[in-house]
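Written below as structure tokens is the structure these notes are about.
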Amino acid sequence: MATVASIWIQYSCGSYTFGIYSSLLKSSQGYDQSTLETLAVFRNIGTCAGVLAGVIYSAITLRNYSGFCGPWVVQLAGAIQNFLGYFLTWACVVGLIQRPPVPLMCLFMFLSTHSMTFFNTANTVTGVHNFPEYGGTIVGIMKGCLGISGAIVIQVYDTFYKGDPSKFLLMLALLPTFVPLMLMLLVKIYKANIGDDKKHLNGFSAIVLIIAGYLMLIIMLENIFSLPSWARIFTFILLLILLASPLGLAIKAQKEDSKRFLKTFNLESNDAKDQAYHELPSGEGEVNAPLDEKKLSDEEGMNLLQAMCTVNFWLLFIAMICGMGSTQTVINSLSQMGQSLNYTSVEVNSLVSLWSIWNCLGRVGAGYLSDYLLHTRGWTRPLLMSITLAATIIGHIVIASGFPGTLYVGSILMAICDGSFWTLMPTIALDMFGVRHMGTIFNAIGVACPVGSYIFSVRIIGYIYDKEAGGEDHSCFGTREGALGAGLELGQVAVVISGGGGGDESGVEELEDSISNVGKIGLDLGRWIYLDVGGSSGYAALGVGDGARIVFVTRWIQ
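Quick note: the sequence shown uses this note's numbering, first residue 221, plus one each step.
Structure follows, in structure tokens:
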């Protein structure tokens, strides 16, 4: 039941939903794109700055664990922060509170997502304690449920409040607050596990993936057809049934464990008749020996300061800056990128929801695959991390091409990679530094995400967007001046610039505005041109298309 309660709490968090209400936040508060990106960065900081949650969890659960001092304390702290952050943001949007200063709104954004680190830490680390042999799988399940929570919450929104983002904010203030409050006492660390862990965990993984597939089907149908209200209610009821299915699996597992325990107890009782009474304590000590060894290994795990003195910690931190920072920039900019490429609001919302679906696949898949390869082939998790980083570079290139449909393809690939990072990073930290302070260490490494997101979102993408945008609403449209940010990975920048007009030199003015001191150079269709700007750097450009043409620009070091 602890795992089921954790899964339901993770489902309610509503991650990756900023794109649904970001436009309302921007228009109601009069923000430009850079300010909006700054708010998004503080959301990311809140999502990743979970060191406090890890410290509290370690302090109250791993020493003198009792009913008065357990994971529920961490869950309660998260529920309070979630309500304050989202409720105050909603109050600002609807006018109950006068327009606050930007730093105060950044604080609201921080609180609303910082709460998720408390839910996530309590559920994930408790799961690792309960299933120590399959840390990757249980982390993938918990992270996958968190990743898919955005799509689940959006389905609730579409069913009851579609078209009113302000009510969506209010729903985020209430739903992720009351669900943890109702279930937090069920999340416990169990001293021993006698069941078939692998079988049960695979069942939970399958349920999560089935729900992800069902949500993807609903999103695709909504993107093609206009579903009537009765159809939305029907699909929502089916979703609720799927969300409740982990309870059935837990009940079945509990029955199997009870039968196994009774069978084992009867065998031990029969054997005890042939043994002297004084021999029982010796046998009991042998049964408990593995648990004692596990407790000893937990105590020997590194704390945060010890981990920070190792090279492995900083290698993992730098890898997360490059990986998580760039993928988070994509999700934070999906709404604006869709707008610049003339996607409808329904399509943009679909992109946000589909991100959650594919992100969930990456989280669950990376956890299961890492455990499978580790146990069967001896492949280490850092190898999978390297493969994921390489796939991230490919995703940036796909989005940067700017061709029709590439935003769908690129966002899917980036979402899978982003999900893989969120699962692989904690499990690698677990393997390297132990479970004793796992919550503190993986949350500390997670700070790399907002660091990378700030570099990508504010300093690069936000700057380019505002420079290309026109009009009082700070909007940017791809048919004329548009701009689409695509990735900075390992020192490279790729920017897509849409230009209009005719002739071989169309798009040159937009290129000239985007790169200072370049000068007007004829741009032939389909031809690479090197633009020397002096010094040790330069640009290469490719003219593509006819009419509303795309210019691909990349910068490199000579």
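For every residue, glycine included, the Cβ atom is placed at its ideal position computed from N, Cα and C.
Is the Cβ-Cβ distance between isoleucine 361 and phenylalanine 307 less than 7 Å? no
What separation, rounded to the nearest whole angstrom, lies between the Cα atoms of serine 247 and threonine 333? 22 Å
Serine 673, enclosing alpha helix (DSSP H) - first and last residue: 668 to 673
Pair every Cβ in the segment 666 to 678 with every Cβ in the segment 543 to 561, then say whether three or more of these pairs are closer than 8 Å. yes
Within a Cβ cutoff of 7 Å, which residues of the same chain sit near tyrosine 497, ignoring the five residues on either side of it in sequence? Low local confidence applies: a pLDDT of 41 at tyrosine 497 is under 50, so the model's placement there is unreliable, with the coordinate-based value given in what follows. Cβ neighbours of tyrosine 497 beyond the five flanking positions: none.
Check whether the segment 383 to 398 touches the segment 249 to 261, counting contact only when three or more Cβ pairs, one atom from each stretch, lie closer than 8 Å. no
Tell me whether serine 235 sits in a helix, a strand or coil according to DSSP, three-state version. coil
Nearest neighbour of glycine 347, chosen from Lys419, Gly274, Ser226 [CA to CA]: Ser226
Under DSSP, the alpha helix (DSSP H) around methionine 540 begins and ends at which residues? 531 to 552
Is it buried or exposed for tryptophan 450, if we count other Cβ within 10 angstroms and need 16 for buried? exposed
With a threshold of 16 other CB atoms inside 10 Å of the CB of aspartate 384, please say whether the residue is buried or exposed. exposed
Anticipated Cβ contact below 8 Å, serine 235 with leucine 366, distance rounded: 6 Å
Per DSSP, what kind of secondary structure is threonine 346 in: helix, strand or coil? helix
Cα-Cα separation between glycine 746 and arginine 583, rounded to whole angstroms: Low confidence applies here, because glycine 746 scores a pLDDT of 36, under 50, leaving its location unreliable and the question unanswered by this model.
Inspect the CB distances between the segment 370 to 387 and the segment 608 to 620 and report whether three or more fall short of 8 Å. no
Backbone CA spacing between tyrosine 231 and glycine 250 [nearest angstrom]: 32 Å
Please report the residue range of the alpha helix (DSSP H) in which aspartate 252 lies. Note, aspartate 252: premise wrong, no alpha helix (DSSP H); not H, not E.
From glycine 290 to tyrosine 277, what does the alpha carbon distance come to, in whole angstroms? 8 Å
Arginine 601, buried or exposed, once every other Cβ within 10 Å from all chains shown has been counted against 16: buried
Threonine 647 in three-state terms, based on DSSP: helix
State whether the segment 295 to 306 contacts the segment 323 to 340, with contact taken as three or more CB pairs (one from each stretch) at a distance under 8 Å. yes
Helix, strand or coil for proline 320? Go by DSSP, reduced to three states. coil
Report the option in Leu644, Ile427, Leu458, Met440 whose CA atom is closest to the CA atom of serine 606. Leu644
Arginine 263: buried (16+ other C-beta within 10 angstroms of its C-beta) or exposed? buried
Coil, strand or helix - alanine 470 by DSSP: helix
Taking just the CA atoms, how far does phenylalanine 339 sit from leucine 296? 9 Å
List, from N- to C-terminal side, the alpha helix (DSSP H) runs of 4 residues or more that fit wholly inside the segment 325 to 412. 355 to 380, 385 to 403
Taking the straight line between their C-alpha atoms, what separation do you get for tyrosine 410 and proline 352? 11 Å
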